[in-house]
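In the working numbering, the protein residues as written are 265 to 399.
Shown next as structure tokens:
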């Protein structure tokens with residue numbers, strides 16, 4: 265079981281003392297990543313972050329989103345990350361994204377969960393529910 269699976273944090277969202285997420289476990293035992301009570305809450309948090317990226321930071325493509333999510337200066341293989349998410353989601357790295365593109369964003373988050381936590385069995389219904397809760 266991966267760390268993201270144990271923490272119910274499929275995209276490995278880092279802890280921030282100024283942010284308290286819905287469904288965050290009251291006692292945080294992982295020093296680096298948020299621990300959630302269920303995958304639904306970890307996925308909801310991921311969609312909330314993506315919504316901010318798309319609407320407030322004006323990121324418009326999968327490539328831009330991934331370069332912010334997992335920047336190379338943090339030691340990430342960001343270009344490979346983009347390629348893997350594009351391949352697994354079917355979304356081109358440079359196609360335009362909007363918050364209202366539910367199906368596209370669900371596919372992206374599902375692919376990111378595979379890259380981050382090797383979670384390849386996430387239920388589409390759970391992902392859609394997490395997207396709707398992030399609105």
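Ideal Cβ placement from N, Cα and C applies to all residues, glycine included.
Please read these numbers as outputs of a predicted model, since none were measured by experiment.
Within the stretch 311-377, the complete alpha helix (DSSP H) segments of 4 residues or longer fall at 326-333 and 342-353, listed in chain order.
Within its own chain, the residues whose Cβ lies closer than 8 Å to the Cβ of residue 362, once the five positions on either side in sequence are excluded, are 318, listed in chain order. In this structure, the beta-carbon distance from residue 346 to residue 357 falls below 7 Å. About 12 Å separates the CB atoms of residue 390 and residue 311; that is not less than 8 Å, and the two are not in contact.
For residue 291, no alpha helix (DSSP H) segment is defined, and its DSSP state is neither H nor E.
With a contact defined as Cβ atoms closer than 8 Å, residue 325 and residue 360 qualify at about 6 Å. Contact annotation: the stretch 296-312 touches the stretch 270-282, with at least three C-beta pairs closer than 8 Å. Between residue 268 and residue 294, the alpha-carbon positions lie close to 11 Å from each other.
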